Structures are given as C-alpha cells and as structure tokens.
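In what follows, a single structure is set out as structure tokens and then discussed.
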C-alpha cells in the first residue's frame, strides 16, 4: 500500500484537523461549509454557488461512482477546496466508464482542486453547526499548524463579496439542451415551433446547467444573459418571463442587479432562486442576512406558516 501524504485543515478559530492529501497538492483557502447530500459530488464541485467555499461532504464515502462528463453543472469546478472522510479509489458505474472514466481524486488533480481526506467529518460538521461557518485553509505543503492558523485568520469571509461578477458568462447565448434521459441522453430542445414556446431570459449569477435544461424541457426558449445586463436590454428581447439564477457570495453588494430588477418589477413575471431570490427580495425592499452555517444539501427544512410546524 502506498504511503499517503499528510495534510492539515486549520480553521480561523484555531481548530486543527489532521488527514491526508487528496486531489491536487498545495494550499486552499476559503470559507469552510458542509453539504449533507448522499450523492452528487460532481454537481457540487461544478456548482458556481460554491466559489470561495471549502465544501465538507458529511456522507462517509465519496467518489464511488466516479466521474462522467455529462454530470457537470458548469464549465469547470468552482469549489475552493474539498473535504471527505473517505475517497473511493476504485469507482464503478456504467456512466463513469463511458463518459470520462476518472476517479474523483484524478478529477480534482486535473482541475487543481486541493482536498483533504481521512479526517473526522462528523466532528467538523458539528463544529460548524455549533460555531458557524468560518474561514479555513487546507494544506499539504505547509504542515505547521501555527503558520496555517495565521493564514486562516487573514482569509476574508464571504460577507460583502460580489462573486456573481466572477462566475457569470461574458456574452448572452441561447440554451437548447433539455433534461437527460436514460435511453436518449440529453434532449434536443431546439426542435419544434419556437412560436409555441415561452421566451425566458435567464440572468446568470452562477447558473447551473440543469436549471437551464429544466426550463427547456418545460417548454421554454431560453436566452442566458450576463449578471450586469440592463433592464432596457432585457425588455428589448420581449420575454414572457425573467429568471434570476443561483450564485455565490453576498447579495448586498450586487447593487447593479438590484437596480435592474427594480426596473423590471411589474413589467414581466420574475422568478428567482438562491442568490436570485435574495436579489429579488432586496429589490422589493427586504433585508438579507447570513445564516450561521447555511443549508446545503438534497433536502431543505420548511415551515407551514399557518401551523408553525
């Protein structure tokens, strides 16, 4: 058995976790968060909403079905770093073998994503849950905990950062691919009479591809526009509706988008999710605040406001 290279995770409050290097070698600063999904690590890695964040997967083993190039959610991985309890070295999946063939470790190396494995992810998750998400750093090159602690205290939080401008597309484009099917793969949404489709303008604050596919499969003709697109440009396209996408960072400093949304309110139906939902709320006069540790996973708690349950 080959000897594994050691790595450290150090948080800005001085908490230290010892583990092993996984993915690329080096250092990775970011805000340390956790995701409770049992599967979907490839979608999480390539979700632009995770820019600037080191993601901890709470489920024990990751990488067991490998990597396939059909399951990416954007043009590249965006996470600042990746933390797992155990990384599978011998994945098995017919889609992995057919569309990519890489292990999770190899995929991280190819995309220069620094990771750490072999730590107690349950203890880390409890710590984040009790003390809140905070900056931290993974390193497989500097193994001095004091040195890494000093670096961790200098990492800025995500509060006040406009990261949407760093992940958005540069130019408008049409999206025609629909949802994936076991037999046929991704659907071709370009077929059919465009006059029968709802025209939707989707703002890209860090949009995931499967959201676009869902819109196409629901019968929409989708045009994706950069985060800084003006209200005038959108109205020139005369859409039936406007979609405000997910994205990373703090919605407060994204004032240009808030101003655009204010001008669009009342003129066209608007639907927002994630960062887009927060921007819509701010444009309507609401307030936003950062949750202690955020809700990241395959399920979300909700409350029935009529019963408070």
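Numbering (the working numbering), first residue to last: 26 to 334.
Glycine included, each C-beta is placed from N, C-alpha and C at the ideal position.
These numbers were taken from a predicted model, which means no experiment stands behind them.
**Q.** Contacts around residue 136, its chain only, beta-carbon distance under 6 Å, and the 5 residues preceding and following it disregarded
**A.** 102
Q: Please name the residue in 118, 315, 320, 267 whose C-alpha comes closest to that of residue 301.
A: 267
Q: Note the first and the last residue of the continuous beta strand (DSSP E) segment covering residue 204.
A: 202-206
Q | residue 26 to residue 112 span [Cα, whole Å] | A | Any reading at residue 26 is ruled out, since the residue's pLDDT is 46, under 50, leaving its predicted position unreliable.
Q: Identify every residue that forms a DSSP beta bridge with residue 87.
A: 112
(Q) Which same chain residues end up closer than 7 Å to residue 245 when comparing Cβ atoms and leaving out the 5 residues on each side of it in sequence? (A) 222, 223, 225
(Q) If the criterion is Cβ atoms closer than 8 Å, does the pair residue 142 and residue 47 meet it? (A) yes
Q.
Can you tell me whether residue 44 is helix, strand or coil according to DSSP?
A. strand
(Q) Our contact map puts residue 116 next to residue 91 with C-beta atoms below 8 Å; I'd like the distance itself, whole angstroms only. (A) 3 Å
Q: Use the C-beta contact count for residue 32: other C-beta atoms within 10 angstroms, 16 or more gives buried, fewer gives exposed.
A: buried
Q) Does the Cβ-Cβ distance between residue 61 and residue 85 come in under 8 Å? A) no
Q) Cβ of residue 104 within 8 Å of Cβ of residue 79? A) yes
Q. In angstroms, rounded to a whole number, what distance separates the CA positions of residue 289 and residue 56?
A. 33 Å
**Q.** For residue 67, the three-state DSSP class (helix, strand or coil)
**A.** helix
Q. Could you give the distance in angstroms between the alpha-carbon of residue 327 and the alpha-carbon of residue 29?
A. 43 Å
Q) Under a three-way DSSP split, which group does residue 78 fall into? A) strand
Q) Is there contact here, the stretch 274-291 with the stretch 316-324, by at least three beta-carbon pairs under 8 Å? A) no
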